[in-house]
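Heads up, the thing below is written out as structure tokens.
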DNA sequence: TTGATCGGAGATCATTATAGTCTCCGATTA
DNA sequence: TAATCGGAGACTATAATGATCTCCGATCAA
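Protein chains in written order, with the working numbering: chain Y, 14 to 170; chain D, 14 to 170.
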């Protein structure tokens, strides 16, 4: 069903929260710790910790140890795309198994596979979609999801 | 990773095959049986059988029993969308758990959830994408994936 | 009219992915 | 120097997926 995982959900919520704290009027620039987010959104603390660690590893947020420690966005919300968040948690996006097939790896169907090429195009389109929407777009009630001329793009390839 | 299941892969391959047989020069209108497809694409026979049964149930193909039996497209390839195929096999498309939440069902995060609305919009866009591409588009090497003005659509809602 | 060939349907099992938990470590700072 | 934070690994439970097996009813041709 093309579902994204709970961990990704949690990542999106957490980033959204961090971003809104950081850009908010009340306490701009404040670091946010795992516990705060976990309690606010009813997320299992230790699972959320894993998620935030992954986001930190991929350079999306920066961590600060010790008391009064926590996380900050590593760059502005407008420069963090949904695709990047997704890939940080779930690995490279691929709608089919052979999306990231390495040399020498072939699925049993490969020889007569008649759907690989079209599926990869679908995948590209989805990727474009997710890569053109940023964390910034998710803040507030702003209208979002603008795709860079996907019709033209899709047709010419 | 937004991956589609193997069963869906099989469904796409099978439909592609049936469609190409039916519209092909050699034996147009010929029924295609499960075994033929399974052997051609190295798909486990009985699993493919399940898949084809599901497609038949959802009215995408029609079945013919008995010797010389098999399947035929129930309507033209241009009227079968990728979204329809996907939903026949995997159920309604939903990128997040709360996509199809019934009245009274709420996820633990719902109360303060800050990502539901934007995610539903992403989902809509993906759905549009899949619903504007047909089995016909997957045949031959035709360029494909044209989305109906998603930019305008996304902005106005 | 009967038997081989089809699809239809249910139960079952193995494997994998996901979700969640537990424990210990090192860094930081009041 | 002790409490508070993140970092990291192992671990368990549950659900989804992929695949297999068995039996049934419909059909058609010999």
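The C-beta atom is built at its ideal place from N, Cα and C for all residues, glycine as well.
Point to revise | Nearest residue (CA-CA) to residue 109 of chain D, options D:99, D:89, D:132 | key: D:132
Exercise for review: Starting from residue 30 of chain Y, find everything on chain D with Cβ-Cβ shorter than 8 Å and list it in chain order.
Suggested key: 127
**Study point:** Closer than 9 Å at the beta carbon, the chain D residues around residue 48 of chain Y
**Key:** Simply none; closest approach about 15 Å.
Check your understanding: Hey, does residue 68 of chain D have any beta-carbon neighbour from chain Y nearer than 9 Å?
Key -> no
Review point. If we ignore side chains and look at the alpha-carbon of each, how far apart do residue 92 of chain Y and residue 148 of chain Y end up?
Key: 8 Å
Review point. For residue 114 of chain D, which three-state DSSP category applies?
Key: coil
Exercise for review: Show which residues of chain Y have a CB atom less than 9 Å away from the CB atom of residue 172 of chain D.
Suggested key: One cannot answer for residue 172 of chain D here, as it falls past the ends of chain D, which runs 14 to 170.
Review point. Taking any Cβ of chain D, which residues in the region 98-110 of chain Y have a Cβ under 9 Å from it, in chain order?
Key: 99, 100, 103, 104, 105, 106, 107, 108, 109, 110
Check your understanding: Within this structure, are the beta carbons of residue 31 of chain D and residue 45 of chain D separated by less than 9 Å?
Key -> yes
**Study point:** Residue from D:52, D:89, D:82, D:80 whose Cα sits closest to the Cα of residue 36 of chain D
**Key:** D:89
**Study point:** Residue from Y:126, Y:99, Y:39 whose Cα sits closest to the Cα of residue 143 of chain Y
**Key:** Y:99
**Study point:** Helix, strand or coil at residue 18 of chain Y according to DSSP, with G and I counted as helix
**Key:** coil
Review point. Using a beta-carbon distance below 9 Å, is residue 95 of chain Y in contact with chain D?
Key: yes
Check your understanding: Exposed or buried, what is residue 38 of chain Y when buried is set at 16 or more other beta-carbons lying within 10 Å of its beta-carbon?
Key -> exposed
Review point. With C-beta atoms as the reference, is residue 47 of chain D less than 9 Å away from residue 67 of chain D?
Key: no
**Study point:** Which of helix, strand or coil DSSP assigns to residue 76 of chain D
**Key:** strand
Check your understanding: Do we get a CB-CB distance below 9 Å when we pair residue 75 of chain Y with the residues of chain D?
Key -> no
Check your understanding: Taking DSSP as the reference, what is the three-state secondary structure of residue 104 of chain D?
Key -> coil
Point to revise | Rounded separation between residue 26 of chain Y and residue 73 of chain D - CA only | key: 39 Å
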